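Residue numbers (this note's numbering), protein chains in the order written: chain A, 1 to 302; chain B, 1 to 302.
Quick look at the structure:
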């Protein structure tokens, strides 16, 4: 582990209230940066830039620190922590938002601490394109930046989102977001259009149906790790991105490493969904991760 | 090709009216048996049992015969051919049925001609479970039977559909059908339940997201062949099943052959969607099929 470059995540930390067919949990640790960090830390040191309020429980801070997550960039603001209340039903393929309280996240302008500015591996969690650009401008020489986005920003800042594509290295979005951003109903044409905009790697997440890596040279597709215990899908995509970026920080950027990174992403996503909040990501062992990695490779071996 | 065992398909022949973002076509050749036969004939001789009416165009009969499809089992009934009118929009992930005229299909009771009764490789196209059972009872010693079904029969003849599972070798259904038949919102648990009912192979089709083969010993997952020309998705699932069964009839029933059969299924499904009706399946060459097979294998090679 010690040889992996540190990864930087800029995203949200939340207190989530979650309702799924498996029950309800109030105020569990959530947010893109939390899921990302607790996934990526299985592969690399993690630097986190996010904001919490004065109500943020000390136990979560302790847990992050025990997990080796560097919190120099965690801003404590005088207000309440971002809160999200969501509900999943049936196959849990989509969340119904019952309430969002942006709180301190509403006016958050991420400041990258001096000690983080040399970060080479970076995740830009879902945020406005202006916020994501402002982060990029504070970095010295990022080598591999993964960018996420979502329908809100695709619909309200489409041009700004597109303008970021040539400045990052991988766009990592779900199927619907890829089609919507490219304004194409076919995923092959959509990804081609996104690659043509100047981003070298496009990852399309298909939830329980797997994911595909599109590049100008090749495509690579894998299934989701076949877990039979989907308790709460929140954060799966962030854990996926965390597994990918952590694995790349550890193994480098060749084609083979890129394919294996997708597999590690799928592994970490499958762990994330097996508990409410971040519990399963906290508890997973290196052996859990490697066993699932090998099982996924077996599932695509002819 | 000559060494492959013949495959038998029992299904429908239709005249379809299709509306997609690519236009409208009236009275094109459709039906599960048509798509299946024109796919499977790339691998094996095909025997077809179906019914058409007095309005069925001679040009389709000629085309089937030129394609090497044995029509001994094609019943000509004194009525009109089954007609379906469907419409697809957006990503074309589901069809809206505008009109169904069962016509001669309404009272069809498939009779297997004596010369077909020794068929070892069989596809039971979507039909009532009673009809599918009656077909099985006319066969001497089928070695590999693929069974399809659909929401109508799952909802109205659930018990009868389940009773067929131990009598066939593979259930080949789409994701929603697998969940619905098993009454499980998780596909891993759903497929386990179906395997436990006594069918050795379960194939779950995930449309543009790929497909998964579940067995008691292993799972195998592949992406959809990434075509950027989805003109009309009608019949893709039947072409998929045709590619699988044809390939098995040619190559045998080992684990490796089973995995390759899934890939050939995906290849044939991707060809089917690139034209209205069966045109692309009619015109595809052995080289088209092999090139896509290799491309799909590349897409899952680490």
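For glycine and all other residues, C-beta sits at the position ideal for the given N, C-alpha and C. Everything numeric in this text was worked out from a predicted model, so none of it was measured.
Nearest-angstrom Cα separation, counted from residue j out to residue i
i	j	result
residue 183(A)	residue 50(B)	42 Å
residue 52(A)	residue 105(A)	8 Å
residue 111(B)	residue 72(B)	11 Å
residue 24(B)	residue 30(B)	14 Å
residue 173(A)	residue 251(B)	39 Å
residue 98(B)	residue 116(B)	36 Å
residue 13(B)	residue 35(B)	9 Å
residue 210(B)	residue 209(A)	7 Å
residue 1(B)	residue 289(B)	Low confidence applies to residue 1(B): its pLDDT is 44, below 50, so where it sits in the model is not reliable, and the reading given next is rough at best. Cα to Cα, residue 1(B) sits roughly 14 Å from residue 289(B).
residue 268(B)	residue 69(A)	49 Å
residue 66(B)	residue 245(B)	21 Å
residue 264(A)	residue 247(A)	7 Å
residue 282(B)	residue 38(B)	6 Å
residue 139(A)	residue 127(A)	17 Å
residue 177(A)	residue 202(A)	12 Å
residue 154(B)	residue 160(B)	9 Å
residue 262(B)	residue 218(A)	21 Å
residue 86(B)	residue 95(B)	6 Å
residue 164(B)	residue 5(B)	24 Å
residue 28(B)	residue 284(B)	18 Å
residue 274(A)	residue 225(A)	12 Å
residue 61(B)	residue 55(B)	12 Å
residue 144(B)	residue 170(B)	8 Å
residue 3(B)	residue 135(B)	25 Å
residue 78(B)	residue 22(B)	34 Å
residue 156(A)	residue 11(A)	19 Å
residue 88(A)	residue 234(A)	9 Å
residue 129(A)	residue 146(A)	13 Å
residue 232(B)	residue 175(B)	20 Å
residue 63(A)	residue 228(B)	47 Å
residue 216(B)	residue 259(B)	14 Å
Paired residues, beta bridge with residue i - DSSP
i	result
residue 117(A)	DSSP, once it has assigned bridges, lists no residue as partnering residue 117(A).
residue 73(B)	49(B)
residue 66(B)	Partner(s): none; residue 66(B) has no beta bridge.
residue 146(A)	123(A) and 170(A)
residue 86(A)	18(A) and 97(A)
residue 7(A)	46(A) and 121(A)
residue 219(B)	214(B)
residue 24(A)	19(A)
residue 29(A)	15(A)
residue 201(B)	170(B)
Contact set between residue i and chain B, taken where Cβ atoms lie within less than 9 Å
i	result
residue 216(A)	Result: empty, since nearest Cβ-Cβ is about 14 Å, beyond 9 Å.
residue 259(A)	301 and 302
Contact list for residue i against chain B, beta-carbon separation under 7 Å
i	result
residue 186(A)	228 and 230
residue 86(A)	Here the premise fails: no neighbours, minimum Cβ distance about 17 Å.
For residue j and residue i, believed in contact at Cβ under 8 Å, the rounded distance
i	j	result
residue 187(A)	residue 204(A)	6 Å
residue 83(B)	residue 101(B)	4 Å
residue 299(B)	residue 223(B)	6 Å
residue 220(B)	residue 191(B)	In fact, because the Cβ distance is near 12 Å, the residues do not count as touching under 8 Å.
residue 92(A)	residue 20(A)	6 Å
residue 148(A)	residue 124(A)	7 Å
residue 122(B)	residue 8(B)	5 Å
residue 302(A)	residue 254(B)	Not quite, the Cβ-Cβ distance comes to about 12 Å (not below 8 Å), so this is no contact.
residue 33(A)	residue 249(A)	Residue 33(A) to residue 249(A), Cβ: 16 Å. No contact.
residue 242(B)	residue 40(B)	4 Å
residue 286(B)	residue 42(B)	7 Å
residue 48(A)	residue 74(A)	6 Å
residue 81(B)	residue 103(B)	6 Å
Contacts of residue i in chain B (Cβ-Cβ under 8 Å)
i	result
residue 297(A)	302
residue 91(A)	179, 185 and 186
residue 256(A)	302
Residue i: contacting residues in chain A (beta-carbon distance under 8 Å)
i	result
residue 209(B)	175, 206, 209 and 210
residue 189(B)	228
Chain-ordered neighbours of residue i on chain A, where CB pairs are closer than 7 Å
i	result
residue 221(B)	210, 223, 299 and 300
Chain A contact residues for residue i, given Cβ-Cβ distances below 9 Å
i	result
residue 73(B)	Chain A residues near residue 73(B): none, gap ~35 Å exceeds 9 Å.
Check your understanding: Is the stretch 289-299 of chain A close to the stretch 195-209 of chain B, with three or more CB pairs under 8 Å?
Key -> No contact exists between the stretch 289-299 of chain A and the stretch 195-209 of chain B.
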